[in-house]
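Read through the structure below, which is laid out as structure tokens, and then see the notes.
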Amino acid sequence: MRLMAVTFAVALSITALTSVSGAGGDDPPHPLCALSPRAETETYRLDGRLGVAVVDTTTGALWSGGEQGAFTLHSISHVVLAFAVAMQFSDEGVEPTDELRALLHPLVVRGEGWAARRVWNWLGGANGVNEFYLRVRAEQLIPGVDRDLWGLARGRVVDVARMLSAVTTTRELSPEMRSAVYEFMSSTWSANMWRGVVYPTFSEWQIAIETGWFIPQWRAFRIHQVLILFNPSGEARYAIAVLYDGTAAAEQIWLTLNAIQRALAEDLSRRESGSVYGDQQCQQFGLWLSTLDRTGDASNSDPWLLFAAKP
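Numbering-wise, numbering that gives the first Met the number 0 puts 238 at position 239 of the sequence shown, and it's gapless, one number per residue.
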């Protein structure tokens, strides 16, 4: 089975890669890179909208591509709630309690609505969630009102990545509370659960690169991923958000997201090994796609650059 390509917005007027310093503020009007000609052609092969954003937690630099409009966050909203309640505990100087851990597991790992409703009320509803958004400089996230469904919030992919980067680096969140949330994000990966959120270690990324298995074949029309990618020293390096809404065949989206995550992981490997790309930032970021079968066999791969330097 061949990789069908990444689907970005139907209107390709906002299909550029941007890089900005800092975790907040407006996106720059003149992106450094654009979709490569092949990528622009391939975008029409799938029906849907996909946004990708990556924040370098050490510099605050942001790369983003694809659809930048608001997505319904679905299960990703549970990660937002988990970090929000962890920050509230940190404000009160409270260490992670058994009660909190018992709540985070069904909230983050299993995505259960009753846990989301309880945390929602614990935070004081929409006002409490809004306060958290402002603290982590993700002003464009929009809390929802339906506490029975996963769609507790809507937001741009860049703001989801900014939120994830902020809670990874902020001093307002105690290391103990941050680790408590990481623990349950990690268990969605280790237990091969729903993979809506993953927190793989560097060694797990290496295994995934070798095997090609990042996420399972997905039957739903919405696939959302948030990731924290660590370097070999154990420091958080990249916060990654991948949001997709559409009606394309699950197999095509499965291959697309695998290729994106593979490219990001391989890029980190090159950066950590001191490899140098070139003068263009889009080349330095090096987001490549390959035609891979579902076992990750790249023997007949045909790699191509997703983002290219602007003419």
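Even for Gly, the Cβ is constructed at its ideal location relative to N, Cα and C.
Bear in mind the structure is a predicted one, so any value in this text is a computation, not a measurement.
Where Ile208 and Leu242 are concerned, what is the direct C-alpha to C-alpha distance, given to the nearest angstrom? Confidence in Ile208 is poor, its pLDDT being 41 and thus under 50, which makes the residue's placement unreliable; the coordinate value appears in the next sentence. Each residue's Cα considered, the two are about 21 Å apart.
Give the C-beta separation of His77 and Leu106 to the nearest angstrom, bearing in mind that I take them to be a contact with Cβ-Cβ under 8 Å. 5 Å
Three-state secondary structure assigned by DSSP to Gly124: coil
Considering only the beta carbon of each residue, do Thr312 and Thr169 sit closer than 8 Å? What is shown of the chain runs 0 to 310, which leaves residue 312 out entirely.
Residue of Ala101, Pro174, Ala83 minimising C-alpha distance to Leu133: Of the candidates Ala101, Pro174, Ala83, the one whose C-alpha sits nearest the C-alpha of Leu133 is Ala83.
Take Trp121 and list the residues in its own chain whose beta-carbon comes closer than 7 Å to its own, dropping the five residues that flank it on each side. Val84
Quick one, which of Trp119, Asn126, Ala81 has its alpha-carbon nearest Ser178's? Ala81
Confirm, please, whether the CB-CB distance from Val53 to Tyr237 is below 8 Å. yes
Ignore the nearest five residues each way along the sequence and tell me which others in Ser189's own chain have a CB closer than 7 Å to its CB. Residue placement at Ser189 is poorly supported in this model, since its pLDDT is 49, which falls under 50; the coordinates still yield a value, given next. Result list for Ser189: empty, nothing under 7 Å.
Spatial distance of Leu72 from Gly154 (CA atoms): 7 Å
Mark Ala22 as exposed unless 16 or more other C-beta atoms lie within 10 angstroms of its C-beta, in which case mark it buried. Its pLDDT being 38, under 50, Ala22 is placed unreliably by the model, and nothing is read from it.
According to DSSP, which residues form a beta bridge with Asp55? The bridge partners DSSP lists for Asp55 are Tyr237.
By Cβ distance, which residues of its chain are closer than 6 Å to Ala114, with the 5 residues on each side in sequence left out? Leu102, Pro105, Leu106
In the structure shown, what three-state DSSP assignment does Val159 receive? DSSP places Val159 within a helical segment (H, G or I) once states are collapsed to three.
Need the endpoints of the alpha helix (DSSP H) that Asp89 sits in, please. In the sequence under discussion, the amino acid at residue 89 is Ser, which differs from the Asp named in the question. That run of the alpha helix (DSSP H) goes 75–90.
On the DSSP bridge assignment, give the partners of Phe183 in chain order. Answer is none; Phe183 lacks a bridge partner.
Same chain, Cβ closer than 6 Å to Met162, five either side skipped, listed in chain order: Val135, Ala137
Residue burial classification, Gly127 (beta-carbon count within 10 angstroms, cutoff 16): buried
Spatial neighbours of Val93 within its chain, please: CB distance less than 6 Å, with the 5 preceding and 5 following residues excluded, ordered by chain position. none
Taking only the alpha-carbon atoms, compute the straight-line gap between Val159 and Trp119 and give it to the nearest angstrom. 18 Å
Whole angstroms are fine: how far does the CA of Val156 sit from the CA of Leu239? Reading off the sequence shown, one finds Ile at residue 239, where the question assumed Leu. Rounded to whole angstroms, the separation of the alpha carbons of Val156 and Ile239 is 9 Å.
Whose C-alpha, out of Glu171, Ser164, Ala69, Gly124, is nearest the C-alpha of Ser89? Glu171
C-alpha distance - Glu130 paired with Leu61, whole-angstrom precision: 23 Å
Going by alpha carbons, who is nearest to Val180 out of Val79, Arg117, Ala125, Glu91? Val79
Buried or exposed: Pro95, going by 16 or more other Cβ atoms within 10 Å of its Cβ? buried
Based on DSSP bridge pairs, tell me the residues matched to Arg177. Paired residues: none, contrary to the question.
Quick one: grab the DSSP three-state call for Gly112. It is helical.
Could you tell me the boundaries of the alpha helix (DSSP H) in which Glu98 lies? 97–103
Distance between Thr58 and Ala125 (C-alpha atoms, nearest Å): 31 Å
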